[in-house]
Amino acid sequence: MPETGLFERVDDTRTIRGLLLPFGEVSRPNASGNEPIEFSAESISLPRDPSVVTLNDEHDRFAPLGRATSLTATERGIEAEFAIADTDEGDAYLAAPKRKLSAEVAGIVRQGAKAIRSKLTGAAVVHEGAFASAALFALAPGEEITEEPQPEDEAHLQVALATEDLPEDITAVTPEGQTAVYTPEASPAEETPNAEEEEMTASANAGATVPVTLGGNVATKNDEIEPSAVFSAMHAVKNSMNGQSADAETLLAALSDITVNTTGGLTTAASGVLQPAWVGKLWQGKRYQRKYIDLVNHLYGGIQLGGRKGFTLDQGTALVQHWAGNKTELPTGKGTTGTKGSSLRKYGYGADVAGEWFDLEGGAEVIQAFFEGVIDSYAEITDADALEDIMTVALANVVTPGTFPTEYPAAMGILIDAIEAVQDGGDDPTFALVNPVAWRQLIQTPKDLVPEFVSFNFSTGGEGNGDGKVQIRKAPASAFVGLDPTEIAVVAGAKNGLELREQGTTPIQVEALNIAKHGVDKAVVGYLETFVVRPESFVAFGTDAA
Numbered sequence: 001m002p003e004t005g006l007f008e009r010v011d012d013t014r015t016i017r018g019l020l021l022p023f024g025e026v027s028r029p030n031a032s033g034n035e036p037i038e039f040s041a042e043s044i045s046l047p048r049d050p051s052v053v054t055l056n057d058e059h060d061r062f063a064p065l066g067r068a069t070s071l072t073a074t075e076r077g078i079e080a081e082f083a084i085a086d087t088d089e090g091d092a093y094l095a096a097p098k099r100k101l102s103a104e105v106a107g108i109v110r111q112g113a114k115a116i117r118s119k120l121t122g123a124a125v126v127h128e129g130a131f132a133s134a135a136l137f138a139l140a141p142g143e144e145i146t147e148e149p150q151p152e153d154e155a156h157l158q159v160a161l162a163t164e165d166l167p168e169d170i171t172a173v174t175p176e177g178q179t180a181v182y183t184p185e186a187s188p189a190e191e192t193p194n195a196e197e198e199e200m201t202a203s204a205n206a207g208a209t210v211p212v213t214l215g216g217n218v219a220t221k222n223d224e225i226e227p228s229a230v231f232s233a234m235h236a237v238k239n240s241m242n243g244q245s246a247d248a249e250t251l252l253a254a255l256s257d258i259t260v261n262t263t264g265g266l267t268t269a270a271s272g273v274l275q276p277a278w279v280g281k282l283w284q285g286k287r288y289q290r291k292y293i294d295l296v297n298h299l300y301g302g303i304q305l306g307g308r309k310g311f312t313l314d315q316g317t318a319l320v321q322h323w324a325g326n327k328t329e330l331p332t333g334k335g336t337t338g339t340k341g342s343s344l345r346k347y348g349y350g351a352d353v354a355g356e357w358f359d360l361e362g363g364a365e366v367i368q369a370f371f372e373g374v375i376d377s378y379a380e381i382t383d384a385d386a387l388e389d390i391m392t393v394a395l396a397n398v399v400t401p402g403t404f405p406t407e408y409p410a411a412m413g414i415l416i417d418a419i420e421a422v423q424d425g426g427d428d429p430t431f432a433l434v435n436p437v438a439w440r441q442l443i444q445t446p447k448d449l450v451p452e453f454v455s456f457n458f459s460t461g462g463e464g465n466g467d468g469k470v471q472i473r474k475a476p477a478s479a480f481v482g483l484d485p486t487e488i489a490v491v492a493g494a495k496n497g498l499e500l501r502e503q504g505t506t507p508i509q510v511e512a513l514n515i516a517k518h519g520v521d522k523a524v525v526g527y528l529e530t531f532v533v534r535p536e537s538f539v540a541f542g543t544d545a546a
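Position 231 of the sequence shown, counted from 1, bears residue number 231 in the numbering used here, the numbering being contiguous throughout.
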């Protein structure tokens with residue numbers, strides 16, 4: 001889990017990220033007395049390649065931890081990502097990470113407290129999180145130079161300078177007799193009148209280790225420092241940085257965590273200050289649209305309380321035969337009749353809703369969304385029952401698939417056979433239902449493998465078309481009751497072979513006041529009548545389940 005705040009470790013990777021330098025935030029005065037400073041997006045330039053920005057431990061450039069992989073200027077400031085190096089030091093940091101980021105900024109030119117231009121050169125992780133506290137600055141003439149004291153078990157040359165004029169040269173002699181002569185450069189040019197230019201290092205931790213080229217905090221004459229630090233500082237005073245004067249600031253700024261949901265944060269439940277924006281009902285997917293009920297003869301109204309009944313006439317076969325003529329008897333035969341009746345399903349839902357849901361603001365929207373869901377539920381259950389009725393009739397007439405040419409998939413051959421079987425049964429085929437195994441073969445069949453004298457179009461979403469007149473739908477494997485779900489299964493039929501009838505506006509919505517309890521009784525009712533007109537108009541192709 002990432003740690004709290006924008007400065008965080010990304011999942012379980014070796015990447016950390018955070019706000020490296022804020023915009024519009026005024027720093028606190030630094031230890032050497034320089035004025036506070038404030039950065040903006042226009043006042044700082046970022047390197048084109050972020051990897052040049054090294055992430056150090058406490059600004060110690062001899063203790064690198066990783067490199068920047070992303071530097072982005074946002075409205076809040078410079079947000080950065082760093083890849084922690086695959087080293088022992090990197091492992092140690094990830095095991096116990098310091099949570100404050102500190103920017104290293106060079107060439108700062110400012111006017112008053114406002115930074116005018118600057119350049120991001122590095123970064124560090126530090127213990128303290130205050131922006132620009134305890135700063136270290138490049139030294140102007142007359143200032144003393146010092147570095148953080150080193151441990152007592154290490155030998156260092158003690159050097160302290162307090163002078164307005166730089167000496168022509170300085171000779172350093174070690175206890176072993178080794179000598180080195182250093183020649184400092186002349187004093188720097190005067191500052192620009194309107195734009196102050198300084199070199200500044202600022203860290204939230206006054207005891208942080210910083211690059212020796214920038215010296216230490218406000219010096220004392222007895223502090224120890226290595227000779228290289230003295231002359232590096234002198235050199236920095238003399239030389240211009242990127243075309244700016246030698247007094248351009250260099251900033252090492254430690255920043256606080258950017259957190260919102262921490263203890264006492266404004267967005268926490270305990271605070272209650274910043275509340276989430278209310279957006280009402282969220283998207284829960286498209287509303288259910290029926291896919292199967294319209295494949296057969298779908299009618300509205302006319303459902304009788306006593307149901308419906310009709311007759312069929314079976315005239316047998318070969319009633320008309322050849323006749324010898326010449327006053328011989330004509331061939332004769334007989335026909336039989338049969339009756340068919342309908343079946344009826346009833347559906348309903350009701351609730352007694354408290355009147356407050358409608359009287360007071362904010363409740364009606366919820367009740368409306370709830371009953372839209374009730375209507376969707378009716379559409380879904382009636383569509384499932386329509387599919388069941390179609391399958392019940394078709395699966396009473398199951399045909400085992402034959403063999404087909406190897407030039408095209410078996411699903412294509414079985415689909416063609418099923419459509420032809422309805423035609424052979426004396427009706428015009430209008431639809432076909434295929435299981436997921438068949439659908440996958442059909443939709444992935446290249447067009448050049450479709451038999452030459454038929455045309456099929458399939459699209460994602462489970463719908464297709466055959467010869468421009470047969471609707472094709474994908475149906476769940478569970479609908480093909482009794483057939484092997486791992487094998488191809490196809491059902492074909494004719495629209496007029498089955499009637500499904502609903503009553504009036506579907507579903508019927510009823511609403512009444514419950515005055516005694518100040519409520520509103522709301523109900524949804526519906527009816528679906530099934531009339532199997534011609535079962536011979538349906539056929540199923542598939543393999544019986546084991």
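The beta-carbon is built from N, C-alpha and C at its ideal position, and this holds for glycine as well. All values derive from a computational prediction rather than experimental measurement.
Around the beta-carbon of N514, fewer than 16 other beta-carbon atoms lie within 10 Å, marking it exposed. Going by DSSP, F458 is part of the beta strand (DSSP E) stretching over F456 to S459. As summarised for the region 40-126, the continuous alpha helix (DSSP H) elements at least 4 residues long and confined to that stretch are 88-95, given in chain order. Residue burial is scored here from C-beta neighbours: S102 has at least 16 other C-beta atoms within 10 angstroms and is therefore classed as buried.
Note: F541 is bridge-paired with V399 and V490 in the DSSP secondary-structure output.
Contact between F541 and D417 holds, since their C-beta atoms are separated by about 6 Å, short of 8 Å. With a cutoff of 8 Å on beta-carbon distance, T336 and D352 are scored as not near each other. Taken through DSSP and simplified to helix, strand or coil, L415 comes out as helix.
One alpha carbon belongs to A113, the other to T87, and they sit about 40 Å apart.
Contact annotation: L19 and R76 have beta-carbon atoms nearer than 8 Å. Less than 8 Å divides the Cβ of E38 from the Cβ of E25. One thing to note: I414 has its Cβ within 8 Å of the Cβ of A438.
In this structure, the CA atom of Y527 is about 10 Å from the CA atom of L500. Cα atoms of K100 and V273: separation of roughly 26 Å, rounded to the nearest angstrom. In the displayed model, L319 falls within coil according to three-state DSSP, outside both helix and strand.
The beta carbon of N496 lies closer than 6 Å to those of N297 in the same chain, with the five residues before and after it left out. Between F371 and K522 the beta-carbon gap is near 7 Å, inside 8 Å, which marks them as a contact.
Taking a C-beta distance under 8 Å as the contact criterion, T312 and G341 do not qualify as a contact pair. Between S70 and E128, the alpha-carbon positions lie close to 23 Å from each other.
The three-state secondary structure of N496, taken from DSSP, is helix. V490 counts as buried, since at least 16 other C-beta atoms from the protein chains shown sit within 10 angstroms of its C-beta. Taking the C-beta atoms as reference points, A386 is found no nearer than 8 Å to Y300. In this structure, DSSP gives P22 an extended state, which the three-state scheme calls strand. Selection I472, Q509, E361 and V450 evaluated against D376 yields Q509 as nearest (Cα-Cα). Between the alpha carbons of W357 and A475 lies a distance of about 40 Å. Here R473 carries a strand assignment [DSSP, helix/strand/coil]. Judged by their CB atoms, T430 and A494 are nearer to each other than the 8 Å cut-off. Between V481 and P507, the CB-CB gap reaches or exceeds 8 Å. Between Q423 and L295, the gap from beta carbon to beta carbon reaches 8 Å or more. The closest CA to that of K346, considering only L55, A324 and L305, is found on L305.
The Cβ atoms of A73 and V53 lie no closer than 8 Å to each other. Note that the C-beta distance between E452 and T543 is not below 8 Å. Across the structure, G519 and A354 are spaced so that their CA atoms are roughly 4 Å apart.
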